[in-house]
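Undergrad: Below is one structure. I have some questions about it.
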Amino acid sequence: MTHAPALLSWVTFAPLAVALALLVLDGLAGASGRPVAKELWKGAALAATLLTFALSLGLWMGFDPARTGYQFVEYTPWLPHYGIHYFAGIDGISLLLILLTTFLMPIVLIASWHEIERSPKSFVFFMLALETGMVGTFAALNLFQFYLLWELMLIPMVFIIGVWGGARRVYAAVKFFLFTMFGSLLMLVAILVVYVLHHHQFGVWTFDFVSGPGSVVPGILETLIPTTGVWWQTQPWLFLAFALAFGVKVPIVPLHTWLPDAHVEAPTAGSVILAGVLLKMGTYGFVRFALPLFPVASVEFAPVVFALALAGILYGALVAMVQKDIKKLVAYSSVAHLGFVMLGMFALNVEGLEGSILQMVNHGISTGALFLLVGMIYQRRHTREIAAFGGIAKPMPVFAALFGITVMSSVGLPMLNGFVGEFLILLGAFQASPGFASAATFGVVLAAVYLLWMFRRVFFGPVENPENRGLMDLDLREKLVMAAMIVPMFWIGIHPDTFLRRLHPPVLDLLHVMESKTALEAGPASARARAKLLAALEGAGARAGEAAP
Amino acid sequence: MIPAPELELRAALPLILISAGAFAVLLAELFLRARDPEDPARSPAFVSVVLCAISVATLAAIIASSAGGFVEGSTLVFNEARPFVRLDRFANFAIAVVALGALLSCLLSYQYLRELRIQYGEYYALLLLATSGMILLVSAVDLVAVFLGIELLSIPIYVLAGFDRRKLRSNEAALKYFLVGSFASAILLYGMALLYGATGATDFAAIRSAFEPEQPLAALGLALVVVGFTFKISAVPFHQWTPDVYEGAPTSVTAFMSVTVKVAAFAGLMRMVVFAFDGGGDALGGVLWWLAALTMIVGNVMAVIQENVKRLLAYSSVAHAGYVLMGLVAGTQAGLSAMLFYLLGYVFSNLGAFGVVIALAHRGRDADRIEDFAGLARSRPGLAALMTLFLVSLAGIPGTVGFAGKLQVFLAAVREGYVGLTILAVLTSLVSVYYYLRLPVVMYMREPGGEAPRLRLHSAEGLVLGVCAVGVVLLGLFFSEGPWPFAWVQAIDWTRESAAVLAGR
């Protein structure tokens, strides 16, 4: 397939390269006595993110939706003795998430153009570094590379929260760092165990997840991880180690307690990226690594995950209902939404998985938009308390309309993106467990309750607080930002097939891989898992058979 | 005619240069003092730096050259009949690391001594003497040589710890280190005496053939010797001296001690355990397991509550000793190689961190409290960034040599099935992240307070910080083959070959 050489690496490293170039230029300019203007730096960073987005559109256009396997693969030996290579490639899942990242970054930079007063140069540096880290993590196919970028992303995020955040920013930043590292470190041990197991089985040392292009060396994915035996070599424990790392990021209740603090204290740009992309790294990690490596454990633990997801959905919604701070309300709504994502994922059928991945993108857009809107109102009134507002639809009608659309998207109104994701998730979950799915549907109602109630209290009714009378409506920059966010909401809501088409092959492939791995082992647990996955595949096949004319 | 022994001078050059150099520096300082009364340490410093640099360069050339004649020919055993000292590839690597640490410490010390107004040339002579002791220790293949090495490296450091005579803390540190160190040396010597009694020999090859772990005399001797070494590597429960001595000694001495003494002591311990005691058997493995576990736990937990940066780094030093011990617990060649690599990375990270503390010393005062770092990102952004890099490396965040070292050690442990210990190491690493993160938080997220820090970085300090930063990032991302133009840096190959030499003999 012909495409620009190394396009994926360009998309990954362009932001960091620009950031480093700006750092050097700034140092040189400062040393020669003529410092670079802050606006120029911000403009350069924005140009870099727009360029990256344009390049990622090239990825989208060059991507063949019908093929399984990874595309735009790049493979360079790095530390061959250890089997550490620069191995990047995308399939439909990572394509969507990379596009989400490159799409949100310029929007975030435009939205926070006036918000960052102190050291905007450092701020954009960290944002660009973060973008490279995020895209790199989504594209990584070598476990060492993945782990490196996964951890490395934490540092810019800690600085973004800790330096430019709100009143309790240091507490929030440190908590975020420690929580995430806790899971990641246990995942490191699990990765090493799998690495050693792979060596025992195949005699090669490699961190490559799948075989490199043109290579016969089997990837880590082909390691047969037993279900019984020495405890730390078995699927359940290794799955738990991975699940802990990813579960902190998702976040799965009860590992979620870092999220409200981090989201609320981060600056707007930080919150949008945190909610929009960083949370997805956790769910992505499950789909990419935890499910295919440990299929039996995934099936066995599915009820537990269902229960925790349901807890997240209901608890997140109930707590969101009683929040007085809009940003905190949105933060808890994230917990609820990601609960839906996990519910769909562990249904382990085509609808559930596709809905789950699509909902990852949807959440990024809807909740990202909500955080942007909250940021806009905070810029004006320097408060996020619901009680401080009331009736501001009158002075700010455009804002109200955009906020309304975003709220509906988050609630899951048909014709907007949220509906498609939630519908597919509930469809998939219902096939796996009608009880859980029914209970989860209640979460949709609760979402409507807390979001619409907040919307009413903030926008409708009489303008009681005199400070709200003279509020300025959105300026052109803000309208531009929100317009950019609204478009995908409608696009995914009305024609989701554009995106679902690209998800279908990798999801089917995932189920095939999981099924074939369960076929290799003996044991009742493996047999149960295999039966479930076969049923899911048959369902998919039957539907495909019906759909074909 | 007495037949002259075959001497391979290339390998012996560092030892000759540094030991003779120590005395040369001492004498030179006496004679040159009159010429430069303002700064009597200038010439000694210069000479020391040159000597260390030559040593490092020679050894680097030996190590980096491809396997073959030059490498084999550079092994020096003195003497063949009854080996006392063995300058083989393992020793070469360890000496190179020690000499590198000494070189970087000399460079760091120069301006620091001037800031604290203790710029005496004897400092460098003592430093070189201690380094020569370390060289002896890592190449020792006889119990007596080990003891000589330990004493020769310890005594100058006792003096160096108390070098700032006007400060009570420094004197206390010196006295404490001297008393506890002497006590430990006595235990070591007693253990050696018992081993001699049990095996009838002091050289490692003879001990190896005569050693029986079941024999109580031999077992007790081994235990006491291990205790003596445990003190030097500051593993729990013989680590109590570390925080007080590290805090009290002048920071440049602390930097030197924390890095080079640890490398030398570990190298000596490795050689002894692997060569003389053939791994020591299951009993020793169990003891080492507990040592490693306790050291990691205590070191990390105690560091959390520290308010003084030097004490914090002291406890972190203790914790890192625990991680290195994991390699010895694994006991394989991979474990030994991992230990060497970890120690190499530790030189860069730790010297870098202490280097920043040294760079902030001003007008007779050390900048060693956490409040002294507040708001550093505003006044000295470069230093703040470098400190963050070094602390990130010590914490073991991927992309740095600290992580690469931990990866090696964890991998070696997991391969031998020590997953419980690895999980413990990983959890204590998490604790360490907390206290390592405190400094960047204070530097970046708090307002500056108190007196203005020193604003000018001396070129020598800048050079050291630069070298350490490059080392941290380069070895972190490319630990086996470096990218051009660092293709000659093949750290893992070197450590692997060194470990192979050790395990093979």
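Here the protein sequences come in this chain order: A and B.
Here the working numbering is used: the first residue of the first sequence is 1, the next is one more, and so on.
Here the working numbering is used: the first residue of the second sequence is 1, the next is one more, and so on.
The beta-carbon is built from N, C-alpha and C at its ideal position, and this holds for glycine as well.
What residues in its chain sit with their C-beta under 8 Å from that of THR251 (chain B), if we drop five residues either side in the sequence?
TA: As a working note, residue 251 (chain B) is residue 251 in the second sequence. Excluding residues within five positions, the ones whose Cβ falls inside 8 Å are TYR112, LYS310, PHE354, VAL357, ILE358, ALA361, ASP366 and ASP368.
Undergrad: If you measure from the beta carbon of GLY399 (chain B) to each beta carbon in chain A, is any gap under 8 Å?
TA: Counting from 1 along the second sequence, the entry for residue 399 (chain B) is found at position 399. By this cut-off, GLY399 (chain B) is an interface position.
Undergrad: Between which two residues does the beta strand (DSSP E) containing PHE72 (chain A) stretch?
TA: Along the first sequence, one-based indexing puts residue 72 (chain A) at 72. Segment 71–79, the beta strand (DSSP E) holding PHE72 (chain A).
Undergrad: Cα separation between GLY68 (chain B) and ASP88 (chain B)?
TA: In the second sequence, the residue the question calls residue 68 (chain B) occupies position 68. In the second sequence, the residue the question calls residue 88 (chain B) occupies position 88. Bear in mind that a pLDDT of 33 at GLY68 (chain B), under 50, signals an unreliable position, so the model cannot answer this.
Undergrad: With DSSP as the reference, label ARG169 (chain A) as helix, strand or coil.
TA: Start at 1 with the first residue of the first sequence, and residue 169 (chain A) comes out as number 169. Helix.
Undergrad: Using alpha carbons as the reference points, say which of A:VAL230, A:ALA447 and A:GLU351 lies closest to ALA535 (chain A).
TA: Residue mapping note: residue 535 (chain A) aligns to position 535 of the first sequence, counting from 1. Comparing Cα positions, the closest option is A:GLU351.
Undergrad: Excluding the 5 residues flanking SER298 (chain A) on each side, which residues of the same chain have their C-beta closer than 6 Å to its C-beta?
TA: Residue numbering aside, residue 298 (chain A) sits at position 298 when the first sequence is read from its first letter. Once the five neighbours on either side are set aside, the close Cβ partners of SER298 (chain A) are LEU291.
Undergrad: Starting from the Cα of PHE90 (chain B), find the closest Cα among B:ILE118, B:ARG271 and B:VAL225 and give me that residue.
TA: The count along the second sequence starts at 1 and reaches residue 90 (chain B) at position 90. If we check each option's Cα against that of PHE90 (chain B), B:ARG271 comes out closest.
Undergrad: If contact is defined by three or more beta carbon pairs under 8 Å, each pair taking one atom from either stretch, is the region 125–140 of chain A in contact with the region 314–330 of chain A?
TA: Not touching, per the Cβ criterion.
Undergrad: So is PRO398 (chain B) buried or exposed if we call it buried at 16+ other beta carbons inside 10 Å?
TA: Taking the second sequence and counting its residues from 1, one reaches residue 398 (chain B) at position 398. Classification for PRO398 (chain B): buried.
Undergrad: Run through chain A and tell me which residues come within less than 7 Å of GLU481 (chain B), C-beta to C-beta.
TA: For the purposes of this step, residue 481 (chain B) is taken as residue 481 along the second sequence, with counting starting at 1. Here the neighbours are LEU79.
Undergrad: Using a Cβ-Cβ distance cut-off of 8 Å, determine whether GLY162 (chain A) contacts chain B.
TA: Position 162 of the first sequence, counted from the first residue, corresponds to residue 162 (chain A). Chain B contact via Cβ: present.
Undergrad: Of all the residues that make up the region 191–220 of chain A, which are near chain B by a beta-carbon distance shorter than 7 Å?
TA: For the region 191–220 of chain A, which is checked against every Cβ of chain B, the residues closer than 7 Å are LEU192, VAL193 and VAL196.
Undergrad: At 7 Å on the CB atoms, spell out the chain B contacts of LEU152 (chain A), in chain order.
TA: Mapped onto the first sequence, residue 152 (chain A) falls at position 152. Under the 7 Å cutoff, chain B gives PRO398 and GLY399.
Undergrad: For SER109 (chain B), is the classification buried or exposed, using 16 other Cβ atoms within 10 angstroms of its Cβ as the cut-off for buried?
TA: Within the second sequence, numbered from 1, the residue matching residue 109 (chain B) stands at position 109. Buried, by the Cβ-count rule.
Undergrad: Between MET326 (chain B) and chain A, is the shortest Cβ-Cβ distance under 8 Å, so that the two count as touching?
TA: Taking the second sequence and counting its residues from 1, one reaches residue 326 (chain B) at position 326. Cβ-Cβ to chain A under 8 Å: no for MET326 (chain B).
Undergrad: Chain A beta carbons: is any one of them nearer than 8 Å to that of SER305 (chain B)?
TA: As a first step, residue 305 (chain B) is located in the second sequence; it is residue number 305 there, counting from the start. The amino acid at residue 305 (chain B) is misidentified as Ser; the sequence shows Ile. Not an interface residue.
Undergrad: In whole angstroms, what separates the C-alpha of ALA347 (chain A) from that of ALA302 (chain A)?
TA: As a working mapping, residue 347 (chain A) is identified with position 347 in the first sequence. As a working mapping, residue 302 (chain A) is identified with position 302 in the first sequence. For ALA347 (chain A) and ALA302 (chain A), the distance between alpha carbons rounds to 7 Å.
Undergrad: Any idea what DSSP makes of PHE87 (chain A), helix, strand or coil?
TA: Working through the first sequence from its first residue, we reach residue 87 (chain A) at position 87. Correct three-state label for PHE87 (chain A): strand.
Undergrad: Is any non-hydrogen atom of the ligand ADP found closer than 7 Å to the C-beta of ILE425 (chain A), if you look at the structure I gave you?
TA: Only the bare structure without any ligand can be found here, which leaves the ligand ADP out of the picture.
Undergrad: Terminal residues of the continuous alpha helix (DSSP H) containing LEU152 (chain A)?
TA: For this step, residue 152 (chain A) is matched to residue 152 along the first sequence. Segment 143–152, the alpha helix (DSSP H) holding LEU152 (chain A).
Undergrad: Could you please tell me which residues of the region 236–247 of chain A, in chain order, have their CB closer than 7 Å to any CB of chain B?
TA: Within the region 236–247 of chain A, no residue has a Cβ that lies closer than 7 Å to any Cβ of chain B.
Undergrad: What does DSSP give as the partner residue(s) for GLU385 (chain A) in the beta ladder?
TA: Translated into positions along the first sequence, residue 385 (chain A) becomes position 385. Looking at the DSSP assignment, GLU385 (chain A) forms a beta bridge with A:ASP325.
Undergrad: Touching or not, the region 15–31 of chain B and the region 118–134 of chain B, by the rule of three or more beta carbon pairs under 8 Å?
TA: Touching, yes.
Undergrad: Could you round the C-beta distance between ASP475 (chain A) and VAL398 (chain A) to whole angstroms and report it? I think they count as a contact, below 8 Å.
TA: As a first step, residue 475 (chain A) is located in the first sequence; it is residue number 475 there, counting from the start. As a first step, residue 398 (chain A) is located in the first sequence; it is residue number 398 there, counting from the start. 10 Å between Cβ atoms; not a contact.
Undergrad: In the structure shown, what three-state DSSP assignment does PHE70 (chain B) receive?
TA: Translated into positions along the second sequence, residue 70 (chain B) becomes position 70. For PHE70 (chain B), the pLDDT reaches just 35, beneath the cut-off of 50, and the residue's location in the model is therefore unreliable, although a value from the coordinates is still provided. It is helical.
Undergrad: Can you find a C-beta in chain A that's less than 8 Å from the C-beta of THR495 (chain B)?
TA: Taking the first residue of the second sequence as position 1, residue 495 (chain B) is located at position 495. By this cut-off, THR495 (chain B) is not an interface position.
Undergrad: Around the C-beta of VAL18 (chain A), are 16 or more other C-beta atoms found within 10 angstroms, so that it is buried, or is it exposed?
TA: Within the first sequence, the letter at position 18 stands for residue 18 (chain A). Classification of VAL18 (chain A): buried, given that the 10 Å Cβ count is 16 or more.
Undergrad: Given that TRP232 (chain A) touches chain B, what residues does it touch there, using C-beta distances under 7 Å?
TA: Looking up residue 232 (chain A) in the first sequence gives position 232. Simply VAL419.
Undergrad: Taking the CB atoms as reference points, tell me whether VAL556 (chain A) and GLN235 (chain A) lie closer together than 8 Å.
TA: There is no way to answer for residue 556 (chain A), as the model of chain A reaches only from 1 to 549.
Undergrad: Does any C-beta atom of chain A lie closer than 8 Å to the C-beta of PHE478 (chain B)?
TA: In the second sequence, the residue the question calls residue 478 (chain B) occupies position 478. By this cut-off, PHE478 (chain B) is an interface position.
Undergrad: In the DSSP assignment, find the alpha helix (DSSP H) that holds ARG169 (chain B) and state where it starts and stops.
TA: Here residue 169 (chain B) refers to the residue found at position 169 of the second sequence. Element bounds for ARG169 (chain B): 168–199.
Undergrad: If distances are taken between C-alpha atoms only, which option among A:ARG457, A:VAL361, A:ALA307 and A:MET482 comes closest to ALA440 (chain A)?
TA: In the first sequence, the residue the question calls residue 440 (chain A) occupies position 440. ALA440 (chain A) has its Cα closest to that of A:ALA307, out of A:ARG457, A:VAL361, A:ALA307 and A:MET482.
Undergrad: Look at the Cβ atom of PRO506 (chain A), then the Cβ atom of GLY92 (chain A), and state whether they are nearer than 8 Å.
TA: As a working mapping, residue 506 (chain A) is identified with position 506 in the first sequence. As a working mapping, residue 92 (chain A) is identified with position 92 in the first sequence. Yes; because the gap between Cβ atoms is below 8 Å, this pair is in contact.
Undergrad: Within the 8 Å Cβ cut-off, does TYR147 (chain A) reach chain B?
TA: Counting from one through the first sequence, the residue named residue 147 (chain A) turns up at place 147. Judged by the 8 Å Cβ criterion, TYR147 (chain A) is in contact with chain B.
Undergrad: Kindly indicate which residue of A:LEU278, A:ALA484, A:GLY541 and A:GLY270 has the alpha-carbon position closest to the one of LEU149 (chain A).
TA: On the first sequence, residue 149 (chain A) is found 149 positions in, with the first residue counted as 1. Taking only the C-alpha atoms, the option nearest LEU149 (chain A) is A:LEU278.
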